[in-house]
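Count the sequence shown with the working numbering and you get residues -15 to 306, in order.
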Amino acid sequence: MNVLNQLGELALGSRLRRLSDQIMREGVEIYKNNGIDFEAKFFPIFYLLLQKSHLSVTEISIELGLAHPSVIQTLREMERRKLITSVRDKKDGRKRLVALTQRAMELSEKMEPVWNDIATAMHDMIATHKHNILSAMESIENDFLGKGLADRVVEITTQRKLNEVEIIDYDQSYARYFKDINYEWIEKYFTIEAIDKEVLENHKTYILDKGGHIFFAKYHNDIVGTCALIKFDDEKYELSKMGVMEGYQGKQIGKKLGLAIIDKAKEKGAKTLFLDSNRKLVPAINLYKRLGFKTINNTNESVYQRSNISMELDLTKNEYIQ
């Protein structure tokens, strides 16, 4: 078994290309054996033009589901072989259409019986297998139309990164991380305010003793993130002091901390979760939006001078992401 076969799904594209190349090579040989000067790769466009007569490059691309540059490249080769020509659209004189030449039309008469022979041979090969490759290909192609490979990989990668992050409860041994991580990001973008010092230096009194909570994010045994839940009243809590250490962004740490805070707030009976932030923190604002927070107009009430956006999440509606 060669390496591509051993790689399984990871080499599916390469194996399909290998099979395609094999069919193309044998197609050239088949046409040559029948005295026909024709490239197998021309067939989809050639056959389409036999059926549709005149088409634009864009229409060909859409009909065949092929990339525009790929269609143009093949058309250029066909034009050099005098198989196609460019004609003016009768409805729009500015538009050029592609059509088969007289030579191509005559060639198609010689190729028709060869195509039938190729179709019969391919059918016989496919019929010997338990699974019909054409049906399988159609199903896979439809899957790609619904959700492409890149999107699927993004989802899997996101989940993998989430699984690599462990959210742990407050422990006195981690207290310094709550201060260090938050001082790091505040000093990078803003100026430390009096309220920052009060919350960070006296977090046990300001947060924990009043019914709040502090989470830490552990990534590969290192504490790399933190976030606090501060009690405002029995039904309203604040998401505050979320920070992720420099170099660890993009690992879904903020998302997992946010989800933990939301679950903890619901557990405590909160109906509303709010936060104050600054619009320059674009990644953070985008995260809050994905978590379900909506912008509200009460920034004048914020205890932070740097705050220019306030957001709120209605915990009774279960709108936050899972």
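Heads up, the beta-carbon is just placed ideally off N, CA and C, and yes, glycines get one too.
Residue i - DSSP class collapsed to helix/strand/coil
i: Ile191; result: coil
i: Thr69; result: strand
i: Val277; result: Before going on, a small fix: residue 277 reads as Phe here, not Val. Coil.
i: Ile176; result: coil
i: Leu(-9); result: coil
i: Asp155; result: coil
i: Gly209; result: strand
i: Ser37; result: coil
i: Phe162; result: helix
i: Lys239; result: helix
i: Val149; result: strand
i: His197; result: strand
i: Lys225; result: strand
i: Ala214; result: Here residue 214 is Ile; the residue named in the question, Ala, does not match the sequence. Correct three-state label for Ile214: strand.
i: Lys202; result: strand
i: Lys220; result: strand
Residue i, buried or exposed, once every other Cβ within 10 Å from all chains shown has been counted against 16
i: Ser(-2); result: exposed
i: His187; result: buried
i: Val(-13); result: exposed
i: Val266; result: exposed
i: Tyr221; result: buried
i: Leu223; result: buried
i: Asp260; result: buried
i: His94; result: Here the sequence assigns Lys to residue 94, which means His is not the residue at that position. The residue is exposed, with fewer than 16 neighbouring Cβ atoms inside 10 Å.
i: Tyr173; result: exposed
i: Ala88; result: buried
i: Val149; result: buried
Inter-residue Cα distance where the pair is residue i and residue j
i: Ile44; j: Leu32; result: 8 Å
i: Arg274; j: Gly227; result: 17 Å
i: Ala254; j: Ile207; result: 27 Å
i: Pro97; j: Ile14; result: 12 Å
i: Asn166; j: Ala212; result: 11 Å
i: Pro53; j: Glu47; result: 15 Å
i: Ile214; j: Gly231; result: 27 Å
i: Leu129; j: Glu139; result: 16 Å
i: Asp247; j: Ile280; result: 22 Å
i: Val82; j: Trp99; result: 23 Å
i: Tyr154; j: Arg263; result: 29 Å
i: Gly49; j: Ile152; result: 49 Å
i: Ile7; j: Asp135; result: 30 Å
i: Ala249; j: Asn292; result: 24 Å
i: Glu373; j: Glu125; result: Any question about residue 373 goes unanswered here, given that the chain covers just -15 to 306.
i: Asn116; j: Ile110; result: 6 Å
i: Asn18; j: Ile56; result: 28 Å
Limits of the alpha helix (DSSP H) - the one that residue i falls within
i: Val41; result: 41 to 48
i: Phe26; result: From DSSP, Phe26 is part of no alpha helix (DSSP H); its letter is neither H nor E.
i: Tyr15; result: -4 to 17
Residue i, enclosing beta strand (DSSP E) - first and last residue
i: Arg80; result: 80 to 84
i: Ile293; result: 293 to 298
i: Met229; result: Premise fails: Met229 is in no beta strand (DSSP E) and is neither H nor E.
i: Ser261; result: 256 to 261
Note to self: Would the stretch 151 to 169 count as touching the stretch 188 to 202 if we require 3 or more Cβ pairs under 8 Å?
What the structure shows: Under the 8 Å Cβ criterion, the stretch 151 to 169 counts as touching the stretch 188 to 202, having at least three qualifying pairs.
Next item on the list: Indicate whether the contact test is met: 3 or more Cβ pairs, each with one atom in the stretch 178 to 197 and one in the stretch 123 to 143, closer than 8 Å.
Entry: They do not touch, by the three-pair rule.
Notebook entry, point to check: Is the stretch 73 to 88 close to the stretch 111 to 122, with three or more CB pairs under 8 Å?
Noted result: Counting Cβ pairs under 8 Å, fewer than three are found: no touch.
Next item on the list: Evaluate contact between the stretch 4 to 19 and the stretch 97 to 106, counting only Cβ atoms and requiring at least three cross-stretch pairs below 8 Å.
Entry: Output reads yes: the stretch 97 to 106 touches the stretch 4 to 19.
Check: Okay, do the stretch 52 to 71 and the stretch -10 to -3 touch, 3+ Cβ pairs below 8 Å being the bar?
Finding: Here the stretch 52 to 71 does not lie against the stretch -10 to -3, with fewer than 3 beta-carbon pairs under 8 Å apart.
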